[in-house]
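Chemist: Sharing a structure, written as structure tokens. Questions coming.
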């Protein structure tokens, strides 16, 4: 395998016409240049320069090599430049995970902002719930992920994953527009003990949260309908089939739907950015900045959403 450093030295010597001038340009000593040329000659088993006491002349073999190694040296320079860009976060790949309501309400604005300053970074998205995304972070299949945790279901984060809180969501009661409690800003959960409930599937954090919430108010919720899609849940509520508790990011305003905050004491879901320990720091910093700005913008316009700032 030809040494690209030796090829660059050969090219410089041919262009400059002497070992001494090439050495000054390359920052070597003349003897170091001479040694590199000798090593290249031994490796190729060919003479590259005709030498006399006052000058050197490239042989046809040297001229052939110089004429044909330029593209290879250019590719290596490009590769070196790209590695530096990768280390600086200018190019590369950012693998993002997100749960559905954040994918809809928070992520698009953040990715758009990120893309403006990082046009050469490839972005990948994998959607799932928090308990599905965390193992992907630990397995290094994701760099960052938007995850959540309910105040009523305090689950610890895995070791090695760094987290940063972005948003706090109120938990909202959604009721049919003609419900007796419709129009109230805050509804005491205990007043809904006799209602039919719409919830997410058993085993999900949201279903656990609903049970904890209702038990804290002295009753077990009677759940007849289950879906992990907040649009479906709110559609069932609009149809008068039950009531539900949803996080603020999942709320879809509708004139046949009444919304109130959980009372008498509010409770929340917190949204975090989780970061893999092997994620590239420049890209993590850039997406964190974009998500923080998107969080502030969303908090300024969305019901029941507040940012950390």
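In our numbering, the protein residues as written are 23 to 331.
For glycine and all other residues, C-beta sits at the position ideal for the given N, C-alpha and C.
Would the beta-carbon of residue 283 fall within 7 Å of that of residue 208?
Modeler: The answer is yes: Cβ separation under 7 Å.
Chemist: So within the region 180-251, which uninterrupted alpha helix (DSSP H) runs reach at least 4 residues, ignoring any that extend past its ends?
Modeler: For the region 180-251, whole alpha helix (DSSP H) runs of length 4 or above, ordered along the chain, are 227-238.
Chemist: Considering only DSSP beta bridges, list what residue 170 is partnered with.
Modeler: In DSSP, residue 170 forms a bridge with 293.
Chemist: Rounded to whole angstroms, what is the Cα-Cα separation between residue 279 and residue 137?
Modeler: Roughly 36 Å between the two C-alpha positions.
Chemist: Would you kindly report the start and end of the unbroken beta strand (DSSP E) that includes residue 56?
Modeler: Note, residue 56: premise wrong, no beta strand (DSSP E); alpha helix (DSSP H) at 52-66.
Chemist: Does the Cβ of residue 313 have 16 or more other Cβ atoms within 10 Å, making it buried, or fewer, making it exposed?
Modeler: Label assigned to residue 313: buried.
Chemist: Using C-beta distances below 8 Å, list every residue in its chain close to residue 69, excluding the 5 sequence neighbours before and after it, in chain order.
Modeler: These residues qualify, in order along the chain: 63, 81, 83.
Chemist: Have a look at residue 287 and residue 154 and give me their C-alpha separation to the nearest angstrom.
Modeler: The alpha-carbon atoms of residue 287 and residue 154 are separated by roughly 30 Å.
Chemist: Let me know the secondary structure DSSP gives residue 164 once reduced to three states.
Modeler: Residue state, collapsed to three classes: coil.
Chemist: Can you find the residues in the same chain that come closer than 6 Å, C-beta to C-beta, to residue 299, ignoring five residues on each side of it along the sequence?
Modeler: Around residue 299: 182.
Chemist: Taking the DSSP output, what are the residues bridged to residue 255?
Modeler: Per DSSP, none; premise fails for residue 255.
Chemist: Report all residues from its chain with a CB closer than 7 Å to the CB of residue 264; omit the five preceding and five following residues, and keep chain order.
Modeler: Taken in chain order, the residues that qualify are 217, 218, 219, 220, 246, 247, 258.
Chemist: Mapping the DSSP letters down to three states, classify residue 127 as helix, strand or coil.
Modeler: Looking at residue 127 - three-state DSSP - the assignment turns out to be helix.
Chemist: Quick one: grab the DSSP three-state call for residue 420.
Modeler: Because the chain spans 23 through 331 in this model, residue 420 falls outside it and cannot be assessed.
Chemist: In its own chain, which residues sit with a C-beta less than 6 Å from the C-beta of residue 88, not counting the 5 before and 5 after it?
Modeler: Result list for residue 88: 33, 36, in chain order.
Chemist: Sort out for me which residues DSSP pairs residue 78 with in a bridge.
Modeler: According to DSSP, residue 78 bridges with 73.
Chemist: Output the distance between the C-alpha atoms of residue 29 and residue 60, rounded to the nearest integer angstrom.
Modeler: Spanning the two alpha carbons is a distance of roughly 12 Å.
Chemist: With the cut-off set at 7 Å, would you say residue 290 and residue 173 are in Cβ contact?
Modeler: Cβ atoms of residue 290 and residue 173: closer than 7 Å.
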